[in-house]
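For the sequence shown, full-length UniProt numbering assigns the number 1 to the initial residue and increments by one for each residue that follows.
We put the CB at the ideal spot given by N, CA and C, even for glycine.
In this text, all values refer to a predicted model and were calculated from it rather than measured experimentally.
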Amino acid sequence: MSSPHDTGTRTEDRAGDGRTSPEDPDAAVLTRHQPPSLAASMHASLPRWAGAAAAALGVLVAAALVAVTDVHVALAVVVGAVVGVAAFVVASRVVEGERAATDRFVTALVTIAFVVALLPLVSVVWTTVSRGLARFDGAFFTQSMYNVIGEGGGAYHAIMGTLIITGVATLISVPIGTLTAIYLVEYGGDNRLSKVITFLVDVMTGIPSIVAGLFSLALFTLLFGPGLRIGIMGSVALSVLMIPIVVRAVEEMLRIVPARLRESSYALGVPKWLTIVKVVLPTAASGIASGVVIAIARVMGETAPLLVTVGLTASTNFNPFEGRMAVLPVFAYYQIITPGIPPQAFIDRAWTSALLLILFVMVLNVGARVLARALAPKTR
């Protein structure tokens, strides 16, 4: 007759042999359903240099195709990418298993998609910077094209025109867009007028920019007669494009203001309009400012509406209510399509204008982030 001590000893021996005891049914189930190679595959992984090796293989294949055959470079790059990804996935399947290989495959596809999306942007920026530096000098920023034929001159008149017209458009758009958003969020609710306004804002968001220019042209032609070309016409056209952007930006910022802030103000007897001015708008100020700056960056490079409203002039005009004004997009357009002698001087001025527009947009976007961070509510 065996003692309890002997029974415990036999149970420990069976456990030491890798067999499960009758008292441990869960372990028995796990052991019965566990694949033989699971433990090994859980610990196996590709070395860190495997991805670089697969990429190098793809580059070698693409280079070989270009060197040996007449295949286009783009097609060779595609073939090289396919070979590199295939090699990487096969190696992962052999070493890590099917699940890890699938994960590696999806990760590789996402990475390739990112690179494909990034390449055109890098190409545009590189081309603009490399060709725009030809006239990126002091004369370009301080001289206009008045009495300039051929080489020399600058875009001072176009720079000033761009800043003035965009500034006036901002003065028109920000109050209208902000008040519209306040009505939609704080007063409109689900009434019929707010639905109509929301529909019109959605329609205005998607209209082509040339339509905004034609609207401004038709409006001023109706009021003052045909043939008029002044800076305020361009500002009105740009404001048509800016207003829906401002409305959407301000509306989103107002909606994320916590309701408890409004309710606390109402509980103290503060009227609704004062709550909006003193509580809601300051809380959403960072997002509103960021949205306005992004809207300015969005319309600063528009060409079509300004082409039909303000025209082009070679002299500097600071008055948006009298005479034609030059703006950078239209200036670059005319320089590139009507080259004089020597043509390279006109092409250089066009590329430098494009570079300056990119710098303007970049500065505005960075400024929007800095402004949003500076105006954000301080939390302890």
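Check, Outcome
"Could you tell me which whole beta strand (DSSP E) segments of length 3 or greater appear in the stretch 217–272?", "none"
"Please work out which residues of its chain come closer than 6 angstroms, Cβ to Cβ, to Gln335, disregarding the five sequence neighbours upstream and downstream, and give them in chain order.", "Phe346, Arg349 and Ala350"
"Less than 8 angstroms between the C-beta atoms of Ala368 and Ile294, yes or no?", "yes"
"Could you please give the first and the last residue of the uninterrupted alpha helix (DSSP H) stretch that includes Trp126?", "Glu98 to Gly132"
"For the stretch 84–91 and the stretch 50–69, state whether three or more C-beta atom pairs, one from each stretch, are separated by less than 8 angstroms.", "yes"
"Considering only residues of the same chain and omitting the five flanking positions on each side of Arg301, which have a CB-CB separation below 7 angstroms?", "Note on residue identity: the sequence assigns Gly, not Arg, to residue 301. Result list for Gly301: Pro329, Leu357 and Val361, in chain order."
"Which residue wins for smallest C-alpha separation from Ala53, given the options Ile276, Phe88, Thr142 and Ala158?", "Phe88"
"Distance check for Leu217 and Thr127, CA to CA, integer angstroms please.", "35 angstroms"
"Closer than 8 angstroms is the cut-off here; do at least three beta carbon pairs connect the stretch 181–198 with the stretch 253–260?", "yes"
"For Val94, count the other beta carbons within 10 Å of its own beta carbon; 16 or more makes it buried, fewer makes it exposed. Which is it?", "exposed"
"Would you mind working out which of Val196, Val148, Phe114 and Ala304 sits nearest Pro208, comparing C-alpha positions?", "Ala304"
"Please report the straight-line C-alpha distance between Glu322 and Thr316, rounded to a whole angstrom.", "12 angstroms"
"Can you tell me whether Ile165 is buried or exposed? The criterion is at least 16 other CB atoms within 10 Å of its CB, across all chains shown.", "buried"
"To the nearest whole angstrom, what separates the beta carbons of Ser235 and Pro320, a pair I think is in contact under 8 angstroms?", "6 angstroms"
"Quick one: measure Cβ to Cβ for Val310 and Val292, integer angstroms, because I've assumed they're closer than 8 angstroms.", "In fact, because the Cβ distance is near 23 angstroms, the residues do not count as touching under 8 angstroms."
"Note down the Cα distance separating Pro36 from Glu96, rounded to an integer number of angstroms.", "Residue confidence for Pro36 is low, a pLDDT of 48 falling below 50, so the modelled location carries little weight; the figure read from the coordinates is stated next. Their backbone Cα atoms lie some 14 angstroms apart in a straight line."
"If the criterion is Cβ atoms closer than 8 angstroms, does the pair Gly177 and Val250 meet it?", "yes"
"By a C-beta neighbour count over all protein chains shown, 10 Å radius and 16 as the cutoff for buried, is Ala297 buried or exposed?", "buried"
"For the alpha helix (DSSP H) holding Arg298, just list the boundary residues, first then last.", "Ala285 to Met300"
"Quick one: what does DSSP say Asp202 is sitting in, helix, strand or coil?", "helix"
"If we count the other Cβ atoms within 10 Å of its Cβ and call it buried at 16 or more, is Ile149 buried or exposed?", "exposed"
"Under the three-state reduction of DSSP, which class applies to Met325: helix, strand or coil?", "coil"
"Would you kindly work out how many angstroms separate the C-alpha atoms of Ala259 and Pro282, rounded to a whole number?", "14 angstroms"
"Does the beta-carbon of Ala117 have 16 or more other beta-carbons within 10 angstroms, so that it is buried, or is it exposed?", "exposed"
"Identify, in the order they occur along the chain, each residue of the same chain with its Cβ nearer than 6 angstroms to the Cβ of Ala40, setting aside the five sequence neighbours on each side.", "At Ala40, the pLDDT of 47 sits below 50, so the modelled position is not reliable and the matter cannot be decided from this model."
"Measure the alpha-carbon distance for Tyr156 versus Leu223 and round it to whole angstroms.", "31 angstroms"
"Compute the distance between the beta-carbons of Val246 and Ser173, then report whether it is under 8 angstroms.", "yes"
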